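511 is the number that the working numbering gives the last residue of the sequence shown; the numbers go up by one with no jumps. A virtual CB, placed ideally from N, CA and C, is assigned to each residue, including glycine. Just so it is clear, the structure is predicted and the values come from calculations on it, not from any experiment. One structure is given here, and the rest of the page talks about it.
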Amino acid sequence: MSVQKQLSSDKVSAMDLNSKVKGKISRYISIIRSVREIQLILAITFIGAFLRIYQLGTESVWLDEATTYFLSSDTLFGIYEATKNDVHPPLYYFVVHFFLFAGKSEALLRFPSMVFGIVAIPLLYMLGTRLFTVKEGLISSFLLSISLSHIYYSQEARMYSMMVFLTLGSIFFFYAAIEDKRNSFWFLFIVFTVLNIYTHYFGFFIFPVEILFFTILLFSHEGRKLHFSSEVLPQIKVFFISVASIIVLIIPRIQVFFEQAASRVGGDVTWGIDQTYFIASLLSHLTLSPSPSLLYLTFFVLGIIAVILSNRRQAVLLCSWFVLPVIVSYYLSDIMPFHPRYLLFILPAYLLIISRGLTATSSFIFSVNTVPKSNRKFSEKKQQVLTIAFVSIFFLSALSSIVNYYPSPQKEDWRNVASYITTITRQGDAIVPLPGYISKPLSFYYDNSTDGTYLQGSGYSQQELDNIVHEHKNTTFFVLTGDINAANPNGTALNWLGENTDVVNIITNVYILTPKV
């Protein structure tokens, strides 16, 4: 009996030892995988950082960036008051304001956008991993790192890359708060959501998306009966507190928002995309390509199917994040000026769905469940190889665009325009920007106090333009851009210029003209 007990005891000890060894091995494998994942996301972030830092200050500022500079150069109170009459909230200008203490340069002006563009990459990885798996997290973050559209706006002194980062933060902490039931995540959800709305008014879109998502989660079906979800119901109190806090914190801008919306709606839409081409223009802009990318669209559709079939909760969040802003913007584009960049914050949702499409396609082709256990590891490796091949195709499709992006001028070259005007003008000459607001990028580089010229505004009628020329004994130089079509849609200025002036020079679509002799 005692021998039998001893044998039994030895067997148990051996099993315990074996389980301990297996436990240690699995922990080591887990650590190795974690280290590998960290190395991969660091490498992806490094690639993204390089693409956003490279030639950051090479191109001159254009109209919108010059607007950022002059607004941000004011005091904080001055910025806040000025943005009551601007179409954008003040937060981004506040951020740029502090960077301008270090000086005036293109790179410095764009530095905040570049930083927000870089930190969005690991944040998308975190969200993708939280929604799906590490694979989707890594793929989506890599696609964002090489996204030409995101690179462009990370190198522009405007608020769009900041809006993408804050949108990601808002959705990540919102989703994590629901899953982990942590009050600290609810607090960070409030912070990111409020900051997003104070960055761009389209940040409002994310807030109702999150409310809709929580409302859907709150109810569950059993058979034909609809009842409250036992998982989500305990969090309804903290959710309502969070929503109320956000509403209270954005009250100071709500009136301004509606005033700005009213001022942009109802008049003639003289610029922006035509509603007829809205979807095509938006999809093209998400990849910054002349037409929608068939590669992206294919895996986007596959991703939609995959998340609907296997990830219902994620499907609700991602589809509402992508679809609702698009639907609202589609109708808005018919009554107000609209540009696809306003919807850049849906780019992460687009890439997450594509990433799910990539992994789901690989899994479908080499399904692990349909092969014997002995061959499953080999099948998993095939899935990984196919997924890597898919990602490589995306990389190669983006590579040529990225290579062509840096040497090709993306913005109007106001630096050279100002330099050229300096060389051809004399004291007493008049410089007339048309439309008048393009004096902002010109003034960023050109100081007329040093050469005694006059920087003068003008209307667009024949009489006003005639008066400008007759008032000055010296030469009058008209500086013209395509913005004149939006500012003067009836074409009176262009007709007068065509009849009465000659083109002196054209520098990246900026026309310099003088009256005919």
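Terminal residues of the beta strand (DSSP E) in which residue i lies
i, result
"PHE198", "It is not in any beta strand (DSSP E) - PHE198 carries neither H nor E in the DSSP assignment."
"VAL473", "470 to 474"
"ASN499", "495 to 501"
"PRO509", "504 to 509"
Exposure of residue i, with buried meaning 16 or more beta-carbon neighbours within 10 Å
i, result
"GLY446", "exposed"
"ILE359", "exposed"
"ALA255", "exposed"
"LEU1", "Any reading at LEU1 must be qualified, since the residue scores a pLDDT of 49, below 50, and its modelled position is unreliable; the value itself is stated next. Exposed, because fewer than 16 other Cβ atoms sit within 10 Å of the Cβ of LEU1."
"ILE240", "buried"
"PRO83", "buried"
"ARG306", "exposed"
"LEU288", "exposed"
"TYR48", "exposed"
"GLY351", "buried"
"PRO228", "exposed"
"HIS464", "exposed"
"ALA309", "buried"
"LYS375", "exposed"
"ALA37", "exposed"
"ILE245", "exposed"
"ASP407", "buried"
"GLY297", "buried"
"TRP265", "exposed"
Backbone secondary structure at residue i - three-state DSSP
i, result
"PHE360", "coil"
"ASP174", "helix"
"PHE384", "helix"
"ALA424", "strand"
"PHE208", "helix"
"TYR325", "helix"
"TYR336", "helix"
"LEU449", "strand"
Unbroken alpha helix (DSSP H) run spanning residue i, endpoints
i, result
"ASN177", "177 to 191"
"LEU292", "At residue 292 the sequence reads Thr, which differs from the Leu that was named. Residues 288 to 304."
"PRO116", "100 to 125"
"LEU138", "128 to 139"
"ASP460", "456 to 465"
"PRO435", "433 to 439"
"ASN410", "408 to 418"
"ALA96", "No alpha helix (DSSP H) holds ALA96; DSSP gives it neither H nor E."
"ASN479", "478 to 481"
"PHE71", "70 to 76"
"ALA60", "57 to 66"
"LEU280", "272 to 281"
"TYR147", "142 to 148"
CB-CB length for residue i against residue j, believed under 8 Å
i, j, result
"SER327", "ILE267", "6 Å"
"ILE73", "PHE88", "6 Å"
"GLY430", "ASN468", "About 20 Å; that fails the 8 Å criterion."
"ALA343", "LEU393", "Not really, about 24 Å apart at Cβ, beyond 8 Å."
Distance CB(residue i)-CB(residue j) smaller than 8 Å
i, j, result
"THR475", "PRO509", "no"
"ILE191", "VAL237", "no"
"LEU428", "SER452", "yes"
"PRO106", "MET156", "yes"
"ILE200", "SER164", "yes"
"ILE501", "VAL397", "no"
"ARG335", "TYR86", "no"
"TYR448", "ALA487", "no"
"PHE110", "PHE159", "yes"
"GLU173", "GLU59", "no"
"VAL301", "ILE347", "yes"
"ARG46", "ILE184", "no"
"LEU280", "VAL320", "no"
"ASN39", "ILE133", "For the record, residue 39 in the displayed sequence is Thr; it is not Asn. It is not a contact, given that the beta carbons lie outside the stated cut-off."
"LEU50", "ALA114", "no"
"THR353", "GLU130", "yes"
"ALA481", "GLN450", "no"
"SER223", "LEU212", "yes"
"PHE438", "TYR63", "yes"
"PHE208", "PHE233", "yes"
"LEU345", "LEU137", "yes"
Residue i: CB within 7 Å of a non-hydrogen atom of the ligand FMN
i, result
"HIS279", "Among the components of this structure there are no ligands whatsoever, and the ligand FMN is therefore not found."
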